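Numbering-wise (this note's numbering), the sequence shown opens with residue 1 and increments by one.
One structure is given below, encoded as structure tokens.
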Amino acid sequence: MVKAPAAAERPRVAVLTRPAGRNEALAGRLQGAGWLPCVLPALEIHPLPMVPADLPRPAAYDMVVFVSGNAARHYLDQLSRADGPAAWPAGVIAATVGPASAQALRGLDGFGANTTVLHPGADAESHDSEALWQVLQDLPQLPARVLVVRGTQGRDWLGDTLEAHGSAVTRHAVYLRRPAGWTASQVAQLRRWADDGVGATWLITSGEGADAVRAGLDAAGLSDWWGRCGFVLTHPTLARRVPQAGHGATCQAMVKICLPNDDSIFQAFVAA
């Protein structure tokens, strides 16, 4: 009978589940640190159809909030397709939930190089709506008219909070997230790791992503293995979407929380 590899011989598998195009640089860093990276997006991002007459223009608002770099990219693409190349209107500030999405926004065609972009700093305890709200509270006064650019699903805490404090908020969805379809070969590789007793460490960056991963593993008959894996999460609230740590050899779930940028994610994996 062939024995399973000894624990010391088992690879340290990092399953990176961010959308396509977001994992490759991190995968290279982890490979250099001795990990075996597996790029396995949990979700696919699909741009929504756009009717030019219904598109909210930034000039009608005092501030435009982008919930992610993808939200910024799809919105500016909509503006370009509707109106052609145009400068970002002077005096309209932008806001994002963290420095990574702010950097992505500033790098997009059609966004003003001198536009104010508000966001939590790199040293903030978190990069989320609550952290951005703390930044907005330091303004002399809250913007009267706010456009929140987002996906079709997700938390609406910031929009609700702004409305509760007197801002008029418009919500505009620019993309839809759907569970990604894993190939037969990808599922087969996961099954081999499960059969060999390799407990992978999964990067989870959204509740929808966690649900999609769990559903995919359930369909593959790998639910028990999911419970023995470790997790790197980019927000504390995601802890309730993954298996909880237990006791004994069959319950080894490890959870680490970090900021949603490559440096922090890398350090969380290295410390796992």
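Glycine residues also receive a C-beta, built at the ideal position from the N, C-alpha and C atoms.
Bear in mind the structure is a predicted one, so any value in this text is a computation, not a measurement.
- For the pair residue 203 and residue 41, the Cα-to-Cα distance works out to about 10 angstroms.
- Residue 35 is positioned such that its CB atom lies closer than 8 angstroms to that of residue 269.
- According to the DSSP assignment, residue 172 belongs to the beta strand (DSSP E) that extends over 168–179.
- Beta-bridge annotation (DSSP): residue 50 is not paired with any residue.
- The beta carbons of residue 259 and residue 127 sit closer together than 8 angstroms.
- Contact annotation: residue 261 and residue 33 have beta-carbon atoms that are not nearer than 8 angstroms.
- Counting C-beta pairs with one atom in each stretch, the segment 176–196 and the segment 78–88 have fewer than three that are closer than 8 angstroms, which means they do not touch.
- Bridge partners of residue 45 according to DSSP: 177.
- Partner residues in the beta bridge of residue 37, as assigned by DSSP, are 14.
- In this structure, the CA atom of residue 89 is about 9 angstroms from the CA atom of residue 60.
- Spanning the alpha carbons of residue 72 and residue 149 requires a straight line of approximately 7 angstroms.
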